[in-house]
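Enquirer: Below you will find the structure I want to go over with you.
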Amino acid sequence: MSMYSEKVMEHFRNPRNVGEIENPDGVGEVGNAACGDIMKIYLKVEDDIIRDVKFQTFGCGSAIATSSMVTEMVMGKTLAEAEQVTNKAVAEALDGLPPTKMHCSNLAADALHAAIKDYREKHNK
Amino acid sequence: MSMYSEKVMEHFRNPRNVGEIENPDGVGEVGNAACGDIMKIYLKVEDDIIRDVKFQTFGCGSAIATSSMVTEMVMGKTLAEAEQVTNKAVAEALDGLPPTKMHCSNLAADALHAAIKDYREKHNK
Amino acid sequence: MNRIYLDHNATTPVRPEVRDRMLPFLGELFGNPSSAHSFGQEVKPHLEEARQRIADQLGANPAQIVFTSGGTESDNMAVKGVAFAAEKGHIVTTVIEHPAVMQAVSWLVKKGFEATYIPVGSDGVVNPDDVKRALRPETILVSVMHVNNETGAIQPVEEISSITKEAGVPLHTDAVQSFGKLPTRVDDLGVDLMSIAAHKIYGPKGIGVLSIRKGTRIDPLIIGGAQEKRRRSGTENIAGIVGFGEATVLAEAEREQVYARLAALRRRFVTGLEASLTEVYVNGDAARTFPSTVSLSVSHVEGESMLLSLDMEGVAVSTGSACSSGSLEPSHVLVAMGMETVLAQGTLRFSMGRGTTEAEIDHVLEVFPPIVERLRKMSPLTRSQAC
Amino acid sequence: MNRIYLDHNATTPVRPEVRDRMLPFLGELFGNPSSAHSFGQEVKPHLEEARQRIADQLGANPAQIVFTSGGTESDNMAVKGVAFAAEKGHIVTTVIEHPAVMQAVSWLVKKGFEATYIPVGSDGVVNPDDVKRALRPETILVSVMHVNNETGAIQPVEEISSITKEAGVPLHTDAVQSFGKLPTRVDDLGVDLMSIAAHKIYGPKGIGVLSIRKGTRIDPLIIGGAQEKRRRSGTENIAGIVGFGEATVLAEAEREQVYARLAALRRRFVTGLEASLTEVYVNGDAARTFPSTVSLSVSHVEGESMLLSLDMEGVAVSTGSACSSGSLEPSHVLVAMGMETVLAQGTLRFSMGRGTTEAEIDHVLEVFPPIVERLRKMSPLTRSQAC
Ligand SMILES: Cc1ncc(COP(=O)(O)O)c(C=O)c1O
Ligand SMILES: Cc1ncc(COP(=O)(O)O)c(C=O)c1O
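Residue numbers (the working numbering), protein chains in the order written: chain A, 59 to 183; chain B, 59 to 183; chain C, 50 to 436; chain D, 50 to 436.
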């Protein structure tokens, strides 16, 4: 019994793709420690395809689970596909989040988009 | 277990001297049905001594018990002695009354005094 | 014979099934449902299940259900909460409300609000037209109880709701005496706010609900830790809440059957009383009375003396007045119905419950007439004066 | 190993002895204590016995004890009740109060009252001089809690009372966290109003007391049937009340012994934490902290993620913030103590109880450091930035 869905807890327990990528092609960071959540996403991109993605998160259970989930959702996808992934889609993929967690703690897609933007800017794409 | 003392309940269960005296020497009535209690005391007096006393009461448990108690307290007493009996003394003789019952329902001594006054007026004493 | 309890309008025993449902929450399931850890989270679904059960009974959305500490708090929250949210204005209520509503309104009047008190007929029922006439542009709330606790008189809440709806004024009903006994779906009654309590339907004391229609402007009465979606703070009384949910479901399951039994018992009781006693009056209109209640006025005898005498016979009833212990005033409800005060003083409320039997009623019919006779013999009113 | 409950400041399990005392009141002793008949009258002495037991514990007269539905209601009643009786004026309180007091005060400010919020030092303790400086001629109430629920910091209520007494201003203390754990005699503390609750001392949820010194001008919050000498209406939650009385007596009997045990456990725990983890901070000053509570701030890791991880190991704690479910704001108490928000976000409250064992503490000391390590590894704050 938990305030979170089984899926959220599963990702919290076994988060996918935790860590940093050395010399990443793109990095995105959102959030603010004062409001309790910071998410950082690292990308390795080849031929417009996400070859590797990792995250680091300071935050509550849903912040960690959404970060993990978003990396799983976009691994191997094209950048264009990844840009279609929304915070809402991430929450749905986790079988939903508690209402109070839908705002601050559900920013993983934003972090991803920031990382893609960073990649595009750095690589003029 | 009751809101009243054992003594009140005993007098309520077995009230002493209930009824009317035919051709009484004095009658006193106090109270007012609107506030829930009417007490009427009848006296038979000989040589300034209360030879008989009866009561009729419309009222709650303590109204009936105090009426009964006051008749018991003054039976056979001189009028002067009976005039010393106070509402407070009646309540004490009953081992006390609930605080809310100390006012309207504890008027039996007043009814007695009214009856004595009635006797004195009628008999010029 | 065992003692006979005929004071179900005051409170009811907790049903064993209800107690059994509560016990785990006085045992291993002790967590605070607001806690994020497993001790709290394992309790939370039970809180929400109870909310759902009560919502279902009211035909309401669970989000409308706010748990409180009882009927009195719900009434206070409804009346004061709407008033505080509006800041000023005019309240329409009736002369027969439970003190919880009446006192809340008169307290607000002291604080600068205005109020109109709707009268009742000799049947103890409010006339909806009077509500209509009482409405003003600045009216912020109408509060009319559903079933009166002293007489059992059922009030025309549906009809009043068409008036308040047209006027756009929120309607509160104190359904503490009707919930679980009559249909009380908030949409059918057309009310925005409804107060209910568990201990009148074989649930525990100290737990109630205020049902609040979405969009109703209301300030919370008890604020703090933001429980109950900020509408009622305080660590949830989970044992009480679960007990209330269970009592609700059990009451609904037998509601119609209990109603039929009570109606038959009431006929038997009233017929018996009228056959064995003179100058006794059953108050109200049987057709508009919830049949658990028999409000009986007895000439020339005071109520408490009858109550005590019945109690000595093992029969528990109450006097007509709201707070039998304490107040010496005659019942405001009976006076409002036009009864002379001396007769109002001689009123008893017999209130039957799901366990009341014919044998019990017959026993009361046996012991009660001699009590009245004995007390009438003691009364100065019987022969000499009528007051 | 069984699950380990370290959230006793949130709520506690009902002691079996307390539950056993309550059960008859969910059974045959179901009468309404205000009823005049035997079903009511047989209950009433139990109500008054519980009142006496709590009064004895507070060194108060039983007439001062008003039963409420819990700490939150008591706080609301104290603060709003004094304010409503005064009609207008200025309230002095602190920045570390429980939301029940804080919200009541800020609601009153919206209604036109004024308020001053006394700060605390980095130890989380109020300085009495600040209270003195905050007083104004129009001050109607000072409200300072006794023991803070997040940090365990003990406030100098006695010293503050000499100031309020001199000024002739009533003093309220929220003693929900100290009652039954520290001495809380109202005369020794010098308070006029004191809020307490049963469920923090192994009693049931949904029952509390406001102790009101004779002569204190206060409006009731919940009015109606005039129970509790008109100060708090509503059918009495007699099961809860009796349970509270029992819990009070049981708590007092072991109070000093429990204190000694908790003090030793706390030393063991804090020593262990500081030995096995770097960059962790135990908040407050141990000498001024009730030893059940360890408020621990952990750098670079957010509180809820630690809470969930501990919960997966069967260890129940809470985050520093008042309402762990919902609020994403950092704790107002820790911020008031001058902590940077990011560290405040990384705070856990471990709160031990009478049943906490060395083995449990040792188990937590075993499982907790790897959790912190794992989450720090996941954190973007650890290496790159300090925020
Ligand atoms: C109609 C009505 N409203 C309100 C209440 C108050 O409920 P409680 O005593 O649970 O606070 C009662 C019963 O006492 C009642 O009969
Ligand atoms: C200091 C303090 N005050 C008030 C309360 C509120 O008490 P309750 O939840 O019983 O209403 C609590 C606990 O929640 C508390 O710790």
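Just so you know, even glycine gets a beta-carbon here, dropped at the ideal spot from N, CA and C. Bear in mind that the values here come from a model prediction, so they are computed numbers and not experimental data.
Using a Cβ-Cβ cutoff of less than 8 angstroms, which residues in the same chain neighbour R134/B once the five nearest sequence positions on both sides are dropped?
Expert: Locating residue 134/B in the second sequence gives position 76, where the first residue counts as 1. Correcting the residue type first, residue 134/B is Gly in the shown sequence and not Arg. The residues are I107, I108, R109.
Enquirer: Check whether the segment 394-406 of chain C and the segment 339-354 of chain C touch, using three or more Cβ-Cβ pairs below 8 angstroms as the test.
Expert: Counting Cβ pairs under 8 angstroms, three or more are found: they touch.
Enquirer: Can you give the Cα-Cα distance for E66/D and V391/D, rounded to whole angstroms?
Expert: Translated into positions along the fourth sequence, residue 66/D becomes position 17. Translated into positions along the fourth sequence, residue 391/D becomes position 342. Taking the straight line from one Cα to the other gives about 44 angstroms.
Enquirer: Under 8 angstroms between beta-carbons, which chain C residues line up against Y54/D? List them in chain order, please.
Expert: Translated into the one-based positions of the fourth sequence, residue 54/D becomes position 5. Near Y54/D (Cβ distances below 8 angstroms), the residues of chain C are F88.
Enquirer: Is N197/D buried or exposed, if buried means 16 or more other CB atoms sit within 10 Å of its CB?
Expert: The residue you call residue 197/D lines up with position 148 of the fourth sequence. N197/D should be labelled buried.
Enquirer: Can a CB atom of chain B be found closer than 9 angstroms to the CB of E378/C?
Expert: Locating residue 378/C in the third sequence gives position 329, counting from the first residue. Answer yes: the Cβ-Cβ gap between E378/C and chain B drops below 9 angstroms somewhere.
Enquirer: Report the residue from K254/C, E277/C, D236/C, A365/C whose alpha carbon sits nearest the alpha carbon of V413/C.
Expert: Locating residue 413/C in the third sequence gives position 364, counting from the first residue. Among K254/C, E277/C, D236/C, A365/C, the Cα nearest to that of V413/C belongs to A365/C.
Enquirer: Buried or exposed for D95/A, going by 16 or more other Cβ atoms inside 10 Å?
Expert: The count along the first sequence starts at 1 and reaches residue 95/A at position 37. Result: buried.
Enquirer: Could you confirm whether any beta carbon from chain C is found closer than 9 angstroms to the beta carbon of F438/D?
Expert: Here chain D comprises residues numbered 50 to 436, so residue 438/D is not present and cannot be evaluated.
Enquirer: Is S244/D close to ligand 4? I mean its beta-carbon at under 8 angstroms from any heavy atom of the ligand.
Expert: Here the bound small molecules are ligand 1 and ligand 2; ligand 4 is not part of this structure.
Enquirer: Quick one: what's got a C-beta closer than 7 angstroms to I103/C's C-beta in the same chain, skipping five residues either side?
Expert: Residue numbering aside, residue 103/C sits at position 54 when the third sequence is read from its first letter. Cβ neighbours of I103/C beyond the five flanking positions: I114, V258, F293, G294, T297.
Enquirer: Between the alpha carbons of P429/C and I261/D, how many angstroms are there, rounded?
Expert: Along the third sequence, read from residue 1 onward, the residue named residue 429/C stands at position 380. Along the fourth sequence, read from residue 1 onward, the residue named residue 261/D stands at position 212. Straight-line Cα distance between these residues: approximately 45 angstroms.
Enquirer: Taking all protein chains shown into account, decide if Q204/D is buried (16 or more other Cβ within 10 angstroms of its Cβ) or exposed.
Expert: Start at 1 with the first residue of the fourth sequence, and residue 204/D comes out as number 155. Buried.
Enquirer: Just checking my contact of D179/C with I167/C at CB under 8 angstroms: how many whole Å lie between their CB atoms?
Expert: The residue labelled residue 179/C in the question sits at position 130 within the third sequence. The residue labelled residue 167/C in the question sits at position 118 within the third sequence. At roughly 5 angstroms, the Cβ-Cβ gap stays under 8 angstroms, so D179/C and I167/C are in contact.
Enquirer: Does the beta-carbon of A123/A, which I'm using as the reference point, lie nearer than 8 angstroms to any heavy atom of ligand 2?
Expert: For this step, residue 123/A is matched to residue 65 along the first sequence. No, the beta carbon of A123/A sits no closer than 8 angstroms to any heavy atom of ligand 2.
Enquirer: Tell me the DSSP secondary structure of D178/C in three-state form.
Expert: Numbered from 1 along the third sequence, position 129 holds the residue referred to as residue 178/C. Correct three-state label for D178/C: helix.
Enquirer: By the criterion of Cβ-Cβ separation under 9 angstroms, what are the contact partners of A335/D in chain B?
Expert: If you number the fourth sequence from 1, residue 335/D lands on position 286. Those within 9 angstroms of A335/D in chain B number zero; the least Cβ separation is about 50 angstroms.
Enquirer: Between the Cα of T213/C and those of V191/C, K230/C, D105/C, spot the shortest distance and give me the residue it belongs to.
Expert: Residue mapping note: residue 213/C aligns to position 164 of the third sequence, counting from 1. The option with the nearest alpha carbon to T213/C is V191/C.
Enquirer: Which residue's Cα is closest to the Cα of M401/D: E199/D, L220/D, Q276/D, S358/D?
Expert: Within the fourth sequence, residue 401/D is the residue found at index 352, counting from 1. Checking every option, the nearest Cα to that of M401/D belongs to E199/D.
Enquirer: Across the segment 264-275 of chain D and the segment 227-236 of chain C, are there enough close Cβ pairs to call them in contact, namely three or more that are closer than 8 angstroms?
Expert: With a cut-off of 8 angstroms, the segment 227-236 of chain C and the segment 264-275 of chain D do not count as touching, because too few Cβ pairs lie within range.
Enquirer: Name, please, each residue of chain D whose Cβ falls closer than 7 angstroms to the Cβ of R71/A.
Expert: Position 13 of the first sequence, counted from the first residue, corresponds to residue 71/A. Correct list: M361.
Enquirer: Using a Cβ-Cβ cut-off of 7 angstroms (strictly less than) and excluding sequence neighbours within five positions of S63/B, which residues of its own chain qualify?
Expert: Taking the second sequence and counting its residues from 1, one reaches residue 63/B at position 5. Result list for S63/B: L152, D153, G154, in chain order.
Enquirer: Going by the CB atoms, is the gap between S282/C and D56/D shorter than 9 angstroms?
Expert: As a working note, residue 56/D is residue 7 in the fourth sequence. As a working note, residue 282/C is residue 233 in the third sequence. Not in contact: D56/D and S282/C (Cβ atoms no closer than 9 angstroms).
Enquirer: Is the beta carbon of D124/D closer than 9 angstroms to that of D241/D?
Expert: Within the fourth sequence, numbered from 1, the residue matching residue 241/D stands at position 192. Within the fourth sequence, numbered from 1, the residue matching residue 124/D stands at position 75. No, they are not a contact pair.
Enquirer: At the level of alpha carbons, what is the spacing between V206/C and L383/C?
Expert: One-based indexing of the third sequence puts residue 206/C at position 157. One-based indexing of the third sequence puts residue 383/C at position 334. Near 20 angstroms, if we compare the C-alpha coordinates of L383/C and V206/C.
Enquirer: What number of angstroms, rounded off, separates the C-alpha of N58/D from the C-alpha of V225/C?
Expert: One-based indexing of the fourth sequence puts residue 58/D at position 9. One-based indexing of the third sequence puts residue 225/C at position 176. Rounded to the nearest angstrom, the two C-alpha atoms are 34 angstroms apart.
Enquirer: Since I believe Y100/B is in contact with I79/B (beta carbons under 8 angstroms), could you give me their beta-carbon distance rounded to a whole number of angstroms?
Expert: Taking the first residue of the second sequence as position 1, residue 79/B is located at position 21. Taking the first residue of the second sequence as position 1, residue 100/B is located at position 42. That pair is a contact at about 4 angstroms.
Enquirer: Relative to the C-alpha of K230/D, which residue among R310/D, M126/D, N110/D, F318/D is closest?
Expert: Translated into positions along the fourth sequence, residue 230/D becomes position 181. That would be R310/D, whose Cα lies nearest to the Cα of K230/D.
Enquirer: Could you tell me the alpha carbon to alpha carbon distance between A109/C and K278/C, rounded to whole angstroms?
Expert: As a first step, residue 109/C is located in the third sequence; it is residue number 60 there, counting from the start. As a first step, residue 278/C is located in the third sequence; it is residue number 229 there, counting from the start. Rounded to the nearest angstrom, the two C-alpha atoms are 16 angstroms apart.
Enquirer: Nearest to L170/A by CA position, among K112/A, N90/A, G77/A, is which residue?
Expert: In the first sequence, residue 170/A corresponds to position 112, counting from 1. Residue K112/A is the option with its Cα nearest to L170/A.
Enquirer: Quick one: is T115/A buried, meaning 16 or more other Cβ sit within 10 Å of its Cβ, or exposed?
Expert: Within the first sequence, residue 115/A is the residue found at index 57, counting from 1. Flag for T115/A reads buried.
Enquirer: For the segment 227-301 of chain C, which segments carrying the beta strand (DSSP E) assignment without a break, of at least 3 residues, lie completely within its bounds, in sequence order?
Expert: Those beta strand (DSSP E) runs which fall completely within the segment 227-301 of chain C and span 3+ residues are 242-246, 257-261.
Enquirer: Whose C-beta lies closer than 7 angstroms to the C-beta of N286/D among residues of the same chain, with five residues either side of it excluded?
Expert: Here residue 286/D refers to the residue found at position 237 of the fourth sequence. Counting only Cβ-Cβ distances below 7 angstroms, and skipping sequence neighbours, we find G255, I256.
Enquirer: For a test of the three-state rule: what should DSSP assign to Q114/A, helix, strand or coil?
Expert: On the first sequence, position 56 is the one that residue 114/A refers to. Looking at Q114/A - three-state DSSP - the assignment turns out to be strand.
Enquirer: Give the C-beta separation of F79/D and V63/C to the nearest angstrom, bearing in mind that I take them to be a contact with Cβ-Cβ under 8 angstroms.
Expert: Looking up residue 79/D in the fourth sequence gives position 30. Looking up residue 63/C in the third sequence gives position 14. Contact flag correct, Cβ pair sits at about 6 angstroms.
Enquirer: List the whole-angstrom C-beta distance separating L326/C from V421/C, where the pair is believed to meet the contact cut-off of C-beta under 8 angstroms.
Expert: Residue numbering aside, residue 326/C sits at position 277 when the third sequence is read from its first letter. Residue numbering aside, residue 421/C sits at position 372 when the third sequence is read from its first letter. At roughly 6 angstroms, the Cβ-Cβ gap stays under 8 angstroms, so L326/C and V421/C are in contact.
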